[in-house]
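Working notes, structure below.
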């Protein structure tokens, strides 16, 4: 190879190296832009997922509060129903006794049929019995 070609060859190699560097730089920029776009997309998906999780958490907490209120109401109603049933069970013999007395039953009949004590039967007859208008 003649010596006069060496500077030209060196210039061609240098220009090729510069062109290769410029091409590499452009490719790196394109890759960087692509990676930044992907990173932004991942960040947006992460933000959406975080918002969804926050919404679900808030909903679960609200549901938990409502469930506790429902359970408390159910317990109160159950206790109330039990109280009413106990009162009705306790009052049933007396209401039946009062009906019998109003129909003219004697204290003795109340003792025999409803298993009331004599004093209870006599009190019911005095309170709810038929009163003589002459007395």
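In our numbering, the protein residues as written are 746 to 880.
Quick reminder that beta carbons are idealized off the backbone N, C-alpha and C, glycines included.
When DSSP labels each residue in this structure, what does residue i get in the three-state scheme?
{"i": "residue 808", "result": "helix"}
{"i": "residue 748", "result": "coil"}
{"i": "residue 879", "result": "Its pLDDT being 44, under 50, residue 879 is placed unreliably by the model, and nothing is read from it."}
{"i": "residue 761", "result": "helix"}
{"i": "residue 849", "result": "coil"}
{"i": "residue 874", "result": "coil"}
{"i": "residue 862", "result": "coil"}
{"i": "residue 753", "result": "helix"}
If you count every other CB in all the chains shown that lies within 10 Å of the CB of residue i, and 16 or more means buried, which is it?
{"i": "residue 870", "result": "buried"}
{"i": "residue 787", "result": "exposed"}
{"i": "residue 756", "result": "exposed"}
{"i": "residue 861", "result": "buried"}
{"i": "residue 817", "result": "exposed"}
{"i": "residue 805", "result": "exposed"}
{"i": "residue 762", "result": "exposed"}
{"i": "residue 866", "result": "buried"}
How many whole angstroms separate the CB atoms of residue i and residue j, which I take to be in contact at a CB cut-off of 8 Å?
{"i": "residue 863", "j": "residue 852", "result": "7 Å"}
{"i": "residue 845", "j": "residue 854", "result": "7 Å"}
{"i": "residue 812", "j": "residue 841", "result": "Their Cβ separation, rounded to whole angstroms, is 43 Å, which puts residue 812 and residue 841 out of contact at 8 Å."}
Please list the segments of the alpha helix (DSSP H) lying wholly inside the segment 767-811, counting only runs of 4 or more residues, in order along the chain.
-> none
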